[in-house]
Amino acid sequence: MLAPSTPPGRGASPGDIAVRLITYREAGRERLGLVTGDHVRAAADVLPDAPGTMAELLARDDTLRELQEAAAEPAPAAESARAGRRLEEIELLAPVPRPGKIVAVGLNYHAHATEQGIEPPTQPTVFAKFPTSVVAHEATVSWDPELAGQVDYEAELAVVIGRTARRVLERDALEYVLGYTCANDVTARDLQRGDRQWVRGKSLDTFCPLGPVLVTADEIPDPQALAISCTVSGERLQEASTGDMIFGAASLIAFCSRAFTLEPGDVLLTGTPSGVGVYRDPQRLLRDGDEMTVEIERIGRLVNRCRTTVGDR
Ligand code: ZN
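Listed below in structure tokens is the structure:
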């Protein structure tokens, strides 16, 4: 199975060498990389016959643990010249650059329901974002202000599915997770409301930043115990714990997989905490030049700058 089994206590000790997965572009090609600290190596340089891309890793069922162990070994001195580069020197793509589907959940933090004056839902409110909305860490989030006038940020924990999941039980559901990354469920509120159907307001090109890295499930024994925040142009606007979720990651996987098959590489956005711009008083909607930072404990910081562009470019 792709998601590694979790030896007791693994992920709990801060001394562990964490190996993170990235997708990056080099010489025009998409590649799978392994990050230790801020040091990046191509998976192909770490292990002979390694998968070349995240999609290849997701299609194979036996290589993740081997890759992690090989990457945790210090590179032999003779290989140090090709043994890697620093994370900031490479062109990052989203960890899963084109998911098969993105399933998102509305109203999934208690405090976010409260700020809208509604009762917590009794079952998850599931909606879709189109995969063409995905962009990387440090990519520009852009929109035409003549199309979308009220654009908002939503910090979210993203779950990346590692194995085909159909009718799985909640207690087994986390075994289907490859790992976690940060997401920003950018939303055009005027389209979301005006359409009475969320998909357009949620799916504008660039409206789903993901990354920068994928932290494998073995490093996150409890996805419901992570600090999550969103900062816009220096102002901390969302701050919560994933423990405030109404339906946790395992419950969402079980719920979705009763209705449709979750496939390797599918991304599940688990909802946003309170503090989004549209419910603030006064409102704080996104403007040209804003810098958004989604930060999740043990996973990383996802930074994207906003840009408005009039007309169809
Ligand atoms: Zn959302």
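With this note's numbering applied, the sequence shown closes on residue 330, and no number is skipped along the way.
We put the beta carbon where it would ideally sit given N, CA and C, even for glycine.
Check: Ordered along the chain, which non-local residues of its own chain (more than five positions away) have a Cβ less than 7 Å from that of A72?; Outcome: G282
Check: Given A95, which residues of its chain have a CB within under 7 Å of its CB, disregarding the five upstream and five downstream residues?; Outcome: Annotation note: pLDDT 45 at A95 (below 50); position unreliable, coordinate value reported separately. No residues qualify anywhere along the chain.
Check: The alpha helix (DSSP H) spanning R210 covers which residue range?; Outcome: R206 to G211
Check: When DSSP labels each residue in this structure, what does A244 get in the three-state scheme?; Outcome: strand
Check: Would the C-beta of G288 count as close to the ligand ZN, meaning under 7 Å from any of its heavy atoms?; Outcome: yes
Check: Among the residues of its own chain, which have a CB less than 6 Å from the CB of S291, if the five just before and after it don't count?; Outcome: A128, H129 and E132
Check: Residue range of the alpha helix (DSSP H) that I316 falls in?; Outcome: No alpha helix (DSSP H) contains I316, which DSSP labels as neither H nor E.
Check: Could you tell me the alpha carbon to alpha carbon distance between R180 and D235, rounded to whole angstroms?; Outcome: 15 Å
Check: According to DSSP, is E252 helix, strand or coil?; Outcome: strand
Check: In this structure, how does DSSP classify A165 when only helix, strand and coil are distinguished?; Outcome: coil
Check: Quick test of the definition: if touching needs 3 or more C-beta pairs under 8 Å, does the segment 44-51 touch the segment 59-72?; Outcome: yes
Check: Measure the alpha-carbon distance for V152 versus K118 and round it to whole angstroms.; Outcome: 14 Å
Check: How long is the line joining the alpha carbons of V158 and A111, rounded to whole angstroms?; Outcome: 13 Å
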